[in-house]
Amino acid sequence: MEQSIKQQLTAMAEEPYRKFASSLIPNVDNVLGVRLPALRKLARTIAKGDWRDYVRSAGTDTFEEVMLHGMVIGCVRADVEELLELVAAFVPRIDNWSVCDSFCNGLKFAKKHRERVWEFLQPYFASPNEYDVRFAVVMLLQYYADEEYIERTLGLLDGVRHEGYYAKMAVAWAVSICYVKLPEPTMAYLRSSGLDDFTYNKALQKIIESLAVSADDKSRIRAMKRRA
206 MEQSIKQQLT
216 AMAEEPYRKF
226 ASSLIPNVDN
236 VLGVRLPALR
246 KLARTIAKGD
256 WRDYVRSAGT
266 DTFEEVMLHG
276 MVIGCVRADV
286 EELLELVAAF
296 VPRIDNWSVC
306 DSFCNGLKFA
316 KKHRERVWEF
326 LQPYFASPNE
336 YDVRFAVVML
346 LQYYADEEYI
356 ERTLGLLDGV
366 RHEGYYAKMA
376 VAWAVSICYV
386 KLPEPTMAYL
396 RSSGLDDFTY
406 NKALQKIIES
416 LAVSADDKSR
426 IRAMKRRA
């Protein structure tokens, strides 16, 4: 199946889109140039067939093969433990923000199994691997930025200590999402957070950039910036 999938992806590739996509994903030089809607459509088709055979042999030569693998995991129907096994096997393949964020967005089963997925995510927050950490943090902002989990979510974000740029930016993004959805507890958190200055200021920047935040709130947030 692997060669057939690669042939399909190559046939769907567009050179202008390859150049565009490559410019958005630093340090990734194996982009074919397949648009995401086309990848999602192929993923849904694979998920309706013998997806377990596909997952066992999924290729890793190109950006699109890895992206497709992650999308298929998000499309298949299986019990939560099998799904988490698939997720655990896939996470080490993540080596860029685009695959990470798309993969997390597709894991909708987390909505139905929130405590089990929460438990599953815990080791990733302390991982030495930058994209393990980003994976866990993006899962938080996707599925746990709500009243039930906000205190625990902010606590986990405050404890992330990875120095990688994409881990820090994920934490900043997550804090901004928490603020947009639940400004009061997130503001209280920001006033006493243990975030490093870079991540803290990036979180404020993302809040200010949000269209969902009022002008008055943005002024308050600006005044909270840490100065060097």
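Every position in the sequence shown, counted from 1, becomes a number in this note's numbering once 205 is added. Idealized CB from N, CA, C, for every residue including glycine. Predicted model, so just to flag it, every value in this text is computed and none were measured.
The region 255 to 268 makes no contact with the region 334 to 345: fewer than 3 CB pairs, one atom from each, lie closer than 8 Å. Using a 10 angstroms sphere on the CB of tyrosine 349, the tally of other CB atoms reaches 16 or more, which defines it as buried. For aspartate 306, the CB contacts under 6 Å within the same chain, skipping 5 residues up- and downstream, are Val343 in chain order. Proximity to glutamine 347 across Ser381, Pro333, Asn406 peaks at Ser381, based on C-alpha coordinates. With a 10 Å radius around the Cβ and a threshold of 16 neighbouring Cβ atoms, tyrosine 370 comes out exposed.
Valine 277 is positioned such that its CB atom lies no closer than 8 Å to that of alanine 243.
With contacts defined as CB atoms closer than 8 Å, aspartate 363 and serine 332 fail to qualify as a contacting pair. The C-beta of threonine 250 has fewer than 16 other C-beta atoms within 10 Å across all chains shown, which makes the residue exposed.
Here DSSP, grouped into helix, strand and coil, assigns asparagine 406 to helix. At the C-beta level, alanine 377 and lysine 423 stay beyond 8 Å of one another.
DSSP places valine 285 inside the alpha helix (DSSP H), whose first and last residues are 285 to 295.
Look at histidine 274 here: in three-state DSSP terms it is helix. Taking each of Leu291, Leu273, Glu414, Met429 in turn and checking the Cα distance to lysine 246, the smallest one comes out for Leu273.
Considering only His318, Ala248, Val271, the residue with the shortest C-alpha distance to valine 285 is His318. Spanning the alpha carbons of cysteine 383 and serine 209 requires a straight line of approximately 42 Å.
Every alpha helix (DSSP H) stretch that sits fully inside the region 328 to 388 and reaches 4 residues is listed by chain position as 335 to 348, 355 to 364, 370 to 386. With a 10 Å radius around the Cβ and a threshold of 16 neighbouring Cβ atoms, threonine 404 comes out buried. Between glutamate 353 and valine 385, the alpha-carbon positions lie close to 16 Å from each other. Ranked by Cα distance from methionine 217, the first of Leu395, Asn301, Glu270, Gly238 is Gly238.
The beta carbons of alanine 315 and cysteine 280 sit about 14 Å from each other, so the pair does not count as a contact at 8 Å. The C-beta distance from valine 271 to arginine 298 rounds to 5 Å, short enough to meet the 8 Å contact threshold. When Glu320, Asp402, Val236 are compared, the shortest CA-CA separation from arginine 223 is found for Val236.
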